[in-house]
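Participant: Can you keep this structure in mind? I'll have questions shortly.
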Amino acid sequence: MADKHTKNLIIKSFEKKYVQALFIDVFGEHCQPYTSSRFFCITPHVLQVGHSFLTRQQQVTNSAANDQTKSAPKVLHHSLGPLEALMKCIEMNWMAVLVGPASSGKTSLVKLLAQLSGHKLQVMAMNSAMDTTELLGGFEQADLSRKLGDIAAKIVEQGSVMVKILLTIGSNPEENVQKSQTLQSLMAQYRENNYKDKGNGIQEEAEYVKGRFRILFKLLGQLQELQQSGDFFCTIT
């Protein structure tokens, strides 16, 4: 069992082989290093992956549950091994360091575990200028575009909810249709803007980001105006 978690902390392949050889030397060849069974079981109270167990949080607000359900990835078979090791670190109150190249699924794995265990995930961006990097080994630079994307996704999601409300509730159908068309137009503009070429220069990329912000501010303004009117309620957090 100890070898299971040690291997996940080793970066280079030759280091993994050395740890495996050391494990066999200490415990003997009859005791083989642990390999994740990828067994997965989830109940209303407990989450189990392999030999790792976590108690699920029961009291989760509807908004938090909906946000996590819509943004979190699916459970993939090949991710169960790393998920088991991460769960064991949390179960034992050990610090977990996820290592891998960009877009390899580190963030998605943590978000997935937060969703499955019913906890709200708190994220703190860190960069190489922070003193803690001397102790922890360094982190990727904070990705502002990803943060903007997360905020934009929430705004667009609330826009879709408001469109449904406008088309199903209210005493003035014609006016509601016009308002819903305005919201849909702004959301379509934002989606089209995402597919535009950012350009190669800093100035071009800055203009691209400004364009996204302008559309989001317009959409947010429309949502807040509808919320303040008192006829509809749409909370943006």
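Mapping the sequence shown onto my numbering, position 204 (from 1) lands on 1510, and the numbers just tick up by one.
Think of the CB as a built atom: it goes at the ideal place given N, C-alpha and C, for glycine as much as any other residue.
1. Compute the distance between the beta-carbons of Phe1345 and Val1352, then report whether it is under 9 Å.
2. What is the rounded straight-line gap between the Cα of Asp1456 and the Cα of Gly1411?
3. Go ahead and label Ser1369 buried or exposed: buried means 16 or more other beta carbons lie within 10 angstroms of its beta carbon, across all protein chains shown.
4. Measure how close the beta-carbons of Ser1486 and Val1469 come, nearest whole angstrom, since I'm counting them as under 8 Å.
5. Rounded to whole angstroms, what's the CA-CA distance from Leu1315 to Ala1391? Just pull it up for me.
6. In three-state terms, what does DSSP make of Ile1471?
7. Among Lys1516, Leu1522 and Asn1482, which has the Cα closest to the Cα of Ala1494?
8. Exposed or buried, what is Ser1343 when buried is set at 16 or more other beta-carbons lying within 10 Å of its beta-carbon?
9. Near Ile1461, what residues of its chain come up, given a Cβ to Cβ distance below 8 Å and the 5 sequence neighbours on each side ignored?
10. So, with DSSP's three-state summary, where would you put Val1325?
11. To the nearest angstrom, how far is it from the Cα of Val1332 to the Cα of Ser1358?
12. If we ignore side chains and look at the alpha-carbon of each, how far apart do Thr1341 and Lys1453 end up?
13. Under 8 Å Cβ to Cβ from Thr1375, same chain only, skipping five residues before and after it: list those, please.
14. Thinking just about the alpha-carbon of each residue, which of Cys1337, Gly1465, Leu1328 and Met1398 is nearest to the one in Arg1497?
15. Can you tell which of Gly1517, Leu1489 and Pro1350 has its C-alpha closest to the C-alpha of Tyr1501?
16. In or out: Lys1380 buried (at least 16 other Cβ within 10 Å) or exposed?
17. Could you give the C-beta distance for Asn1482 and Leu1472, rounded to a whole number, given that I count them as a contact under 8 Å?
18. My guess is that Leu1415 and Leu1404 are in contact by the Cβ rule of under 8 Å, so how many angstroms apart are they, rounded?
19. Between which two residues does the alpha helix (DSSP H) carrying Cys1347 extend?
Facilitator: Checking against the coordinates, here is how it stands:
1. no
2. Each residue's alpha carbon lies about 16 Å from the other.
3. Low confidence applies to Ser1369: its pLDDT is 46, below 50, so where it sits in the model is not reliable enough to give any reading.
4. 5 Å
5. Here Leu1315 scores only 46 on pLDDT, less than 50, and its place in the model is too uncertain to base an answer on.
6. helix
7. Leu1522
8. exposed
9. Leu1522, Leu1525, Leu1526, Leu1529 and Ile1542
10. In the structure shown, the three-state DSSP call for Val1325 is helix.
11. 24 Å
12. 36 Å
13. Here Thr1375 scores only 49 on pLDDT, less than 50, and its place in the model is too uncertain to base an answer on.
14. Gly1465
15. The candidate whose alpha carbon is nearest that of Tyr1501 is Gly1517.
16. exposed
17. About 4 Å; that satisfies the 8 Å criterion.
18. 7 Å
19. No alpha helix (DSSP H) holds Cys1347; the beta strand (DSSP E) holding it covers Phe1346 to Ile1348.
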